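One structure is given below, encoded as structure tokens.
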Amino acid sequence: MVQKLVLHNEVIKVKGRVKVITVKKEDFFKVLKLTKLRVLDKEYEALMPPIDSLQKNTIDVNGLATLVQQFMVNVLTNPQTRNQVSPAQMVLTTSGGNITLSYSGSIGLNSQGVTVYLQVLQESGNYTFQYYYVGFDTTNNSYSTSQLELYVSAITDGEYAPGDLNQYIQYYTNLVRIAYTNTSFTKASDSYLFIVWLIDFQNIPPYLVAFTPSLQNNVGIFVRGTWYGTSYTIYFNNSNCSFGCGGNCPSSGLGGFIIYTQSNSVILEFPLTAPLGTGVTSIEVLLCTNAVMMNMHNIGGSTSSTITPPVSGATFYVAIATITITYQGS
3 MVQKLVLHNE
13 VIKVKGRVKV
23 ITVKKEDFFK
33 VLKLTKLRVL
43 DKEYEALMPP
53 IDSLQKNTID
63 VNGLATLVQQ
73 FMVNVLTNPQ
83 TRNQVSPAQM
93 VLTTSGGNIT
103 LSYSGSIGLN
113 SQGVTVYLQV
123 LQESGNYTFQ
133 YYYVGFDTTN
143 NSYSTSQLEL
153 YVSAITDGEY
163 APGDLNQYIQ
173 YYTNLVRIAY
183 TNTSFTKASD
193 SYLFIVWLID
203 FQNIPPYLVA
213 FTPSLQNNVG
223 IFVRGTWYGT
233 SYTIYFNNSN
243 CSFGCGGNCP
253 SSGLGGFIIY
263 TQSNSVILEF
273 PLTAPLGTGV
283 TSIEVLLCTN
293 AVMMNMHNIG
303 GSTSSTITPP
313 VSGATFYVAI
323 ATITITYQGS
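Numbered as in the numbering used here, the sequence shown ends at 332 without a single skipped number.
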């Protein structure tokens, strides 16, 4: 007999907010201020426009699915070598065609670009990863827009080339559209344009930090992949072992996964099977993860559940455990 166990169906909310600011050139330094941001217990300052009063946008669920899919392929299975991918782009739709703001490490005069700053917060044991994308156009260009699009990429660390410690191969996702908004505004030749776009992943329990895409950012902080210690282990309690993270119960790693979209959500599932023998009346399943955050510290967590046969006294042969994560766009 086979029975499916959903270990947990965690909902990670993916939210986007955006606002547009146009200012006269002489007000350039009145708009940009040093803003204090936090990455857990560390604080740093970023030169940004005001980040209040952001308005809701639309999360591109198909783009989010592509981002999660490529991220998980790189983390869990056989990553493909990728050259450096731009951390971000903003595309402005105008009557004269599209204008693309490409990634730049800082805001400058007479230039166009996008910067991105990371903030990591912890509340009630769960984590929120916030990415502030700041688009700017400080040229003399003038145009009117009807739509804005945000493209982002994620990073999953890398490894040294086989037999060559001088060659380090980095793994990235492609640039994908994660959010867009219909908005009309006009940039005049004597004004500067700033776009503040916030993308955040909310309500992430510690054991799912390792499964949340790490978007590229100015600060250079991301959750490292399996090459540098991030681990994912499933334990099955057969009543004859030490049941716990690092114990000696039958265990397996995470391999394949299933991903699909449903309404405004991306569903990520990890199917696992374990032979249990005969005469088993219940089975406990434990997921243990350890996420290594670049330049910071480890974030470890676990979750467990119990499965019982659907028929009293039934012979139980195989358990199929499914870890389900829902990335809910809003």
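Ideal placement from N, C-alpha and C gives every residue a C-beta, glycine not left out.
Remember, it's a predicted structure, so these values are computed and weren't measured experimentally.
When the Cβ atoms of the segment 17-28 are set against those of the segment 192-203, are three or more pairs found closer than 8 Å? Output reads yes: the segment 192-203 touches the segment 17-28.
Specify the secondary structure class of G65 as computed by DSSP and reduced to three states. For G65, the secondary structure class from DSSP, reduced to helix, strand or coil, is helix.
Here's the rule I'm using: 16 or more other beta-carbon atoms within 10 Å means buried, otherwise exposed. How should F203 be labelled? Buried.
Within the continuous beta strand (DSSP E) that includes F187, where are the two ends? First-last of the beta strand (DSSP E) with F187: 178-189.
Can you tell me whether T117 is buried or exposed? The criterion is at least 16 other CB atoms within 10 Å of its CB, across all chains shown. T117 is buried by the Cβ-count criterion.
Helix, strand or coil for P208 per DSSP? In this structure, P208 counts as helix in the three-state DSSP scheme.
With DSSP run on the structure shown, which of helix, strand or coil describes N220? Looking at N220 - three-state DSSP - the assignment turns out to be coil, as it is neither helix nor strand.
Within the continuous alpha helix (DSSP H) that includes F131, where are the two ends? Here F131 belongs to no alpha helix (DSSP H); instead the beta strand (DSSP E) covers 128-139.
Sub-8 Å separation of V268 and I261 beta-carbons: The Cβ atoms of V268 and I261 sit closer than 8 Å to each other.
For V87, does the three-state DSSP call read helix, strand or coil? V87: coil per DSSP, three-state reduction.
Assign M74 to one of three DSSP states: helix, strand, or coil. Look at M74 here: in three-state DSSP terms it is helix.
Flag this pair as yes or no: are the beta carbons of A156 and I61 separated by less than 8 Å? Between A156 and I61, the gap from beta carbon to beta carbon reaches 8 Å or more.
Have a look at D54 and L210 and give me their C-alpha separation to the nearest angstrom. For the pair D54 and L210, the Cα-to-Cα distance works out to about 29 Å.
Within 10 angstroms of the Cβ of N59, are there 16 or more other Cβ atoms? Answer buried if so, exposed if not. With 16 or more neighbouring CB atoms inside 10 Å of its own CB, N59 falls in the buried class.
Per DSSP, M50 forms a beta bridge with which residues? K35.
Taking the straight line between their C-alpha atoms, what separation do you get for Q232 and V154? It is worth fixing the name first, because residue 232 is Thr in this sequence and not Gln. Their backbone Cα atoms lie some 23 Å apart in a straight line.
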